[in-house]
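Structure record follows, encoded as structure tokens.
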Amino acid sequence: MSKLEITDLHVTVDTEDGPKQILKGVTLTINDGETHAIMGPNGSGKSTLAYSIAGHPKYTVTGGTIALDGEDVLSMSVDERARAGLFLAMQYPVEVPGVSVSNFLRTAKTAIDGEAPKLRTWVKDVNAALAQLDLDSTFGTRNVNEGFSGGEKKRHEIAQLELLDPKVAVLDETDSGLDIDALRIVSEGVNRFKSGGDKAVLLITHYTRVLRYIKPDFVHVFVDGKIAEQGGPELADQLEANGYDKYTKTAAV
Amino acid sequence: MESHLNPPGSFAVSDNPVPTGREEIWRFTPLKRLLGLHADAEFNRSTMSCTWNSQAGVRVEGVSGDEARSLRGISGLVPNTRFAARVLAEVPSTLLIDVPAESELADPIVVELVGKDATNTEAGHVAMRFGAHSKAIVVINHAGSAAMAAVVEIVVGEGADVTVVSIQDWADDAVHLAHHQALVGRDATYKHAAISFGGDVVRMDANVTYDGPGGSAELLGLYFADAGQHIEHRIFADHNAPRTKSNAIYKGALQGEKAHTVWVGNVLIRKVAEGIETFEENRNLILTDGCHADSIPNLEIETGDIAGAGHASATARFDDNQLFYLQSRGISEKESQRLVVHGFFNDLIRKVGVPSIEERLLATVEAELAKNVLKEDR
Numbered sequence: 001m002s003k004l005e006i007t008d009l010h011v012t013v014d015t016e017d018g019p020k021q022i023l024k025g026v027t028l029t030i031n032d033g034e035t036h037a038i039m040g041p042n043g044s045g046k047s048t049l050a051y052s053i054a055g056h057p058k059y060t061v062t063g064g065t066i067a068l069d070g071e072d073v074l075s076m077s078v079d080e081r082a083r084a085g086l087f088l089a090m091q092y093p094v095e096v097p098g099v100s101v102s103n104f105l106r107t108a109k110t111a112i113d114g115e116a117p118k119l120r121t122w123v124k125d126v127n128a129a130l131a132q133l134d135l136d137s138t139f140g141t142r143n144v145n146e147g148f149s150g151g152e153k154k155r156h157e158i159a160q161l162e163l164l165d166p167k168v169a170v171l172d173e174t175d176s177g178l179d180i181d182a183l184r185i186v187s188e189g190v191n192r193f194k195s196g197g198d199k200a201v202l203l204i205t206h207y208t209r210v211l212r213y214i215k216p217d218f219v220h221v222f223v224d225g226k227i228a229e230q231g232g233p234e235l236a237d238q239l240e241a242n243g244y245d246k247y248t249k250t251a252a253v
Numbered sequence: 001m002e003s004h005l006n007p008p009g010s011f012a013v014s015d016n017p018v019p020t021g022r023e024e025i026w027r028f029t030p031l032k033r034l035l036g037l038h039a040d041a042e043f044n045r046s047t048m049s050c051t052w053n054s055q056a057g058v059r060v061e062g063v064s065g066d067e068a069r070s071l072r073g074i075s076g077l078v079p080n081t082r083f084a085a086r087v088l089a090e091v092p093s094t095l096l097i098d099v100p101a102e103s104e105l106a107d108p109i110v111v112e113l114v115g116k117d118a119t120n121t122e123a124g125h126v127a128m129r130f131g132a133h134s135k136a137i138v139v140i141n142h143a144g145s146a147a148m149a150a151v152v153e154i155v156v157g158e159g160a161d162v163t164v165v166s167i168q169d170w171a172d173d174a175v176h177l178a179h180h181q182a183l184v185g186r187d188a189t190y191k192h193a194a195i196s197f198g199g200d201v202v203r204m205d206a207n208v209t210y211d212g213p214g215g216s217a218e219l220l221g222l223y224f225a226d227a228g229q230h231i232e233h234r235i236f237a238d239h240n241a242p243r244t245k246s247n248a249i250y251k252g253a254l255q256g257e258k259a260h261t262v263w264v265g266n267v268l269i270r271k272v273a274e275g276i277e278t279f280e281e282n283r284n285l286i287l288t289d290g291c292h293a294d295s296i297p298n299l300e301i302e303t304g305d306i307a308g309a310g311h312a313s314a315t316a317r318f319d320d321n322q323l324f325y326l327q328s329r330g331i332s333e334k335e336s337q338r339l340v341v342h343g344f345f346n347d348l349i350r351k352v353g354v355p356s357i358e359e360r361l362l363a364t365v366e367a368e369l370a371k372n373v374l375k376e377d378r
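Top to bottom, those sequences are chains A and B.
Be aware that the first sequence starts at 1, since it is given in the numbering used here, and climbs by one per residue.
Be aware that the second sequence starts at 1, since it is given in the numbering used here, and climbs by one per residue.
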């Protein structure tokens, strides 16, 4: 059983002109077994929500709470959040020069589990995870995200998702910049993760395309730092037909 | 016209005045901590032990008298510092490493220098001769306490493939002032790696000139400065022949109050040196407050016909985004910093390309990290 509860979350980011309010009261509960899609136009604060859940130091929570299974997430450090079961697949994964993918994955797995994975099964697991995402066997020797294509970065994020097997996955525009084959491969990875059972997924996206592959149970429309409307999968179909105009025009008034 | 990167030299000690610290080439160096090595400190009888492994067919021995004198300046070095002029003029003996033409050594020649007394000012001259088409690796290890001025001259014969590694793993009180000068023969490949961890003050100039077209030099450096340490590396790639190459990569990390590093990368492309390629790069990683890194690339170009020339320099603290990425995978802050620092040095350590010292360097980086980044009570 796991449950991510976000309540009245207010977040600022520091700018040259002082702090700027990005999230203006976000309330959202994600139970295990549920996939929630957050959709919204650029600049609506979707990525800020993702980073705030993960604890990026650039963002300051000025109000509200985030709880994972009743535990206060906001009091945890970034690594504690990951060890508690949160995972963020990033929109822009970061290069770490000189650190190989295999070393990175093993170090992360050891940190999450509190003990080193058994060597023989681990190597097999890694190779299988990479192969399923169409990443070849030399991928492990490459430096983390260094010289990766856009698609390789996203597939690498999902390989981590499958290997680290968190309770809650936040996918920040994992679908952006992917061609249709890569989108399918990445979506299959997310669906494999979901089929592990009791998993909560928060899928942040600008486009409805990915929802053909990863079926949401709930869709939230995110506008100007808040949830403007929520509903079931049919809401995504409306967005596909009508776009965000209705919401952005309202927000502008 | 004389290049300002390369003031004319002289073998006469009196032509090389004692530096005041205002000279361009001395302005970063804390002269007061050099125990007079830069000036007129007595070159005493050595109290260091000097040992080496033997290799079949290779002559390694201390020579003196006429033979030692005949080895002064074999690299084409004409001193433009007082200490180098004094070493060539005053030091009675030379450690000679003579690798015959066409011999390929299976194992590195390792010279171990271990000091016992950081107050005993002394000086040494090393001459390495690598015959045409030979292939060899020489590692000089410096450890213990010493106050040493040194000139190392390296002659790389035509088509030879040579690596010279100098490791400064001194005790905290050591002072080391060194000039390494290499002459790279036609179509030869030369790699120099300067690795500095220990010592109170270490200053090393690693210079290279070419004895014909087609020579290639790779100048590598790795350093880790702790509180109070001054580690200064200078390179000078003097492209005096056509179609020569130089590639310099120096990387350093700094930690602790008044840790100071200096990197000066001088590259001169002379008029005759058409079709050359050069790239030099220095990166510094600042691990704590209170450190200071100077990084100065100088590129002087006298010909219009070059295949490529460039430089890069960056000094930065830990990248928040890198640490966030690693921590978001459950890796603790300290472990994340450890990964980043190892990653910073890993590619360079691989480039040194001497397996027997790779592991040692990784261990040394780990030991340096234990002093700050991984310290428990931080």
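The beta carbon of each residue, even a glycine, is placed where N, CA and C say it ideally should be.
Does the beta carbon of residue i sit closer than 8 Å to a beta carbon anywhere in chain B?
| i | result |
| --- | --- |
| ILE98(A) | Looking at the sequence provided, one finds Gly at residue 98(A) rather than Ile. Yes, contact with chain B. |
| GLN160(A) | yes |
| VAL253(A) | Only weak support is given to the placement of VAL253(A): the predicted model assigns it a pLDDT of 46, under 50, and the question is left unresolved by the model. |
| ALA169(A) | no |
| VAL101(A) | no |
| ASP165(A) | no |
| LEU138(A) | Note that residue 138(A) corresponds to Thr in the displayed sequence, not to Leu. No - not a single Cβ of chain B is within 8 Å of the one on THR138(A). |
| THR107(A) | yes |
| ASP79(A) | yes |
| LEU130(A) | no |
| PRO57(A) | yes |
Smallest Cα separation from residue i: which of the options?
| i | options | result |
| --- | --- | --- |
| LYS3(A) | GLU240(A), PRO233(A), LEU202(A) and GLN238(A) | LEU202(A) |
| HIS133(B) | GLU102(B), ALA146(B), ARG234(B) and ALA143(B) | GLU102(B) |
| ILE306(B) | GLU90(B), LYS271(B) and ALA314(B) | LYS271(B) |
| GLY290(B) | GLU257(B), GLU158(B), THR315(B) and THR51(B) | GLU257(B) |
| GLU5(A) | ALA200(A), ARG209(A) and ASN242(A) | ALA200(A) |
| ILE22(A) | LYS58(A), ASP136(A) and ILE180(A) | LYS58(A) |
| GLY189(A) | GLN91(A), ASP72(A), LEU171(A) and LYS118(A) | LEU171(A) |
| VAL365(B) | THR47(B), ALA147(B) and LEU285(B) | LEU285(B) |
| LEU164(A) | GLY55(A), ARG142(A) and GLU115(A) | GLU115(A) |
| ASN266(B) | ASP172(B), HIS292(B) and ILE235(B) | ILE235(B) |
| ARG69(B) | THR119(B), ARG350(B), LEU348(B) and PRO92(B) | PRO92(B) |
Taking 8 Å as the CB-CB limit, is residue i close to chain A?
| i | result |
| --- | --- |
| ARG378(B) | For ARG378(B), the predicted structure reports a pLDDT of 45, less than 50, and the residue's modelled location is therefore unreliable. The matter cannot be settled from this model. |
| GLU335(B) | yes |
| ASN266(B) | no |
| VAL373(B) | no |
| GLY252(B) | no |
| SER10(B) | no |
| GLN168(B) | no |
| LEU339(B) | yes |
Just how far apart, CA to CA, sit residue i and residue j?
| i | j | result |
| --- | --- | --- |
| GLY131(B) | VAL184(B) | 11 Å |
| SER166(B) | HIS179(B) | 11 Å |
| ASP238(B) | VAL13(B) | 23 Å |
| LYS226(A) | ALA82(A) | 25 Å |
| ASP15(B) | ASP169(B) | 33 Å |
| CYS50(B) | GLY115(B) | 9 Å |
| MET1(B) | PRO7(B) | A caution first: MET1(B) carries a pLDDT of 46, below 50, which makes its placement in the model too unreliable to give a value. |
| HIS220(A) | ILE214(A) | 15 Å |
| VAL94(A) | TYR51(A) | 14 Å |
| GLN91(A) | ILE30(A) | 21 Å |
| ALA131(A) | GLY150(A) | 17 Å |
| ALA228(A) | GLU240(A) | 16 Å |
| PHE139(A) | VAL123(A) | 13 Å |
| GLY33(A) | ALA67(A) | 17 Å |
| HIS292(B) | ALA194(B) | 20 Å |
List, in order along the chain, the chain B residues whose C-beta lies closer than 8 Å to that of residue i?
| i | result |
| --- | --- |
| ASP8(A) | Within 8 Å Cβ-Cβ: nothing; ASP8(A) doesn't reach chain B, min ~24 Å. |
| ILE112(A) | ARG329 and GLY330 |
Please list the partners that residue i has in chain A, where partner means a Cβ-to-Cβ separation under 7 Å.
| i | result |
| --- | --- |
| GLY353(B) | Those do not exist, as GLY353(B) stays about 16 Å from chain A at its closest Cβ, beyond 7 Å. |
Determine the chain B residues that contact residue i at a beta-carbon separation under 7 Å, and present them in chain order.
| i | result |
| --- | --- |
| ARG258(A) | The structure shown does not extend to residue 258(A), since chain A spans only 1 to 253, so no value can be given for it. |
| ALA54(A) | SER328 |
| VAL94(A) | ASN321, GLN322 and TYR325 |
| LEU88(A) | SER328 |
Run down chain B in chain order and give the residues with a C-beta less than 9 Å from the C-beta of residue i.
| i | result |
| --- | --- |
| ALA200(A) | The contacting residues do not exist; ALA200(A) stays about 17 Å from chain B at best. |
Against residue i, what residues of chain A qualify as contacts under a CB-to-CB distance less than 8 Å, listed in chain order?
| i | result |
| --- | --- |
| PHE345(B) | GLY98 |
| PHE224(B) | Per Cβ cutoff of 8 Å: no residues; PHE224(B) is ~15 Å from chain A at best. |
| HIS342(B) | GLY98 and VAL99 |
Q: Give a yes or no on contact between the stretch 79-94 of chain B and the stretch 103-113 of chain B, applying the rule of three or more CB pairs nearer than 8 Å.
A: no
Q) Would you say the stretch 265-279 of chain B touches the stretch 241-251 of chain B, given that touching needs at least three Cβ pairs under 8 Å? A) yes
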